[in-house]
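*Asks:* The numbering used here puts the last residue of the sequence shown at 1214; the count rises by one with no breaks.
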Amino acid sequence: MIIKSADFVISNQEVSKCPKTDLPEYAFIGRSNVGKSSLINMLTNRKKLAKTSSTPGKTQLINHYLINEEWYLVDLPGYGFAKISKSAREKWGELIHQYLMKRKNLRCTFILIDARIEPQKIDLEFMEWLGINQLPFVIVFTKSDKLNKTELINNIERYKSTLLEKWTELPQFIVSSSITSQGRDAIYDLITDTNNLDNLNK
Ligand code: GTP
Ligand code: MG
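What follows is the structure in structure tokens.
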């Protein structure tokens, strides 16, 4: 996919204020520091499209970007901050759940997982919640450049085994690096295929 335009549209804390549109959209989410902003900037070839917050966990915003005037890329507030109050965590949960449940044009959520770390309860529980609510998602392993091939394969296998304890079918996996741009084509192939299907159904 050639990115002709990538425009910031709106940040907000209310699902009702998200853009009113029929265009397909794709959300990106993950724990703090997983590499979400870097991935979004790598995907869009923009150095500073995704805003990086100096106070992680404080700004809990849904950010909409319009890509090629054809689809929306949505940067969702991350989870798993060490220093976050219970009320902030509950507010995050409410906002994310509302967004994911209500956003009719949401086609897929990309869940970012740091390829280096072992499966975390918070990510697994989030995936379970998506599964229960029949919301499609894809796992993106980030920072692949920080591992050698064997480590990467072992970690992905470990992740798959953990998922198979609860799931009968595995989700799609994409390995990415914002340094080497690994995963860019796979993510765009998925988005392009879904957008094409959308157009066929119009
Ligand atoms: P918050 O918005 O603070 O929750 O973080 P984030 O998920 O947006 O992560 P961000 O993109 O800011 O990256 C966090 C750190 O990881 C930064 O120091 C990045 O330079 C580094 N990083 C992100 N992606 C990669 C990657 O693919 N490879 C390597 N080597 N470093 C990465
Ligand atoms: Mg960020």
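Glycine included, every Cβ here is placed at the ideal spot set by N, Cα and C.
Predicted model only: the values in this text are computed from it and were never measured.
(1) Using 8 Å for Cβ pairs, my map puts residue 987 next to residue 1131. What's the rounded Cβ distance?
(2) For residue 1194, collect the residues of the same chain with a Cβ closer than 7 Å to its Cβ; drop the 5 residues on either side in sequence, then sort them by chain order.
(3) From residue 1149 to residue 1037, what does the alpha carbon distance come to, in whole angstroms?
(4) The ligand MG and residue 1188: does the residue's C-beta get closer than 7 Å to at least one heavy atom of that ligand?
(5) So is the beta-carbon of residue 1086 under 7 Å away from any non-hydrogen atom of the ligand GTP?
(6) Once the 5 residues before and after residue 1019 are set aside, which same chain residues still bring their CB inside 6 Å of it?
(7) So, using beta-carbon positions, are residue 1121 and residue 1085 closer together than 8 Å?
(8) Among 1162, 1059 and 1027, which has the Cα closest to the Cα of residue 1128?
(9) Could you tell me the alpha carbon to alpha carbon distance between residue 1115 and residue 1027, rounded to whole angstroms?
*Replies:* On the basis of the coordinates in this document:
(1) Nothing can be reported for residue 987, as the shown portion of the chain is limited to 1013 through 1214.
(2) On the sequence shown, residue 1194 is found 182 positions in, with the first residue counted as 1. So the qualifying residues of the chain are 1156, 1187 and 1188.
(3) The residue labelled residue 1149 in the question sits at position 137 within the sequence shown. The residue labelled residue 1037 in the question sits at position 25 within the sequence shown. Computed Cα separation, rounded: 13 Å.
(4) Locating residue 1188 in the sequence shown gives position 176, where the first residue counts as 1. Not under cutoff, so the answer is no.
(5) Here residue 1086 refers to the residue found at position 74 of the sequence shown. No - the ligand GTP has no heavy atom lying nearer than 7 Å to the Cβ of residue 1086.
(6) Locating residue 1019 in the sequence shown gives position 7, counting from the first residue. 1078.
(7) Sequence index remark: in the sequence shown, residue 1121 carries index 109 (1-based). Sequence index remark: in the sequence shown, residue 1085 carries index 73 (1-based). No, the Cβ-Cβ distance between residue 1121 and residue 1085 is not below 8 Å.
(8) As a first step, residue 1128 is located in the sequence shown; it is residue number 116 there, counting from the start. With distances taken between Cα atoms, residue 1128 lies closest to 1162.
(9) As a first step, residue 1115 is located in the sequence shown; it is residue number 103 there, counting from the start. As a first step, residue 1027 is located in the sequence shown; it is residue number 15 there, counting from the start. Between residue 1115 and residue 1027, the C-alpha separation is close to 8 Å.
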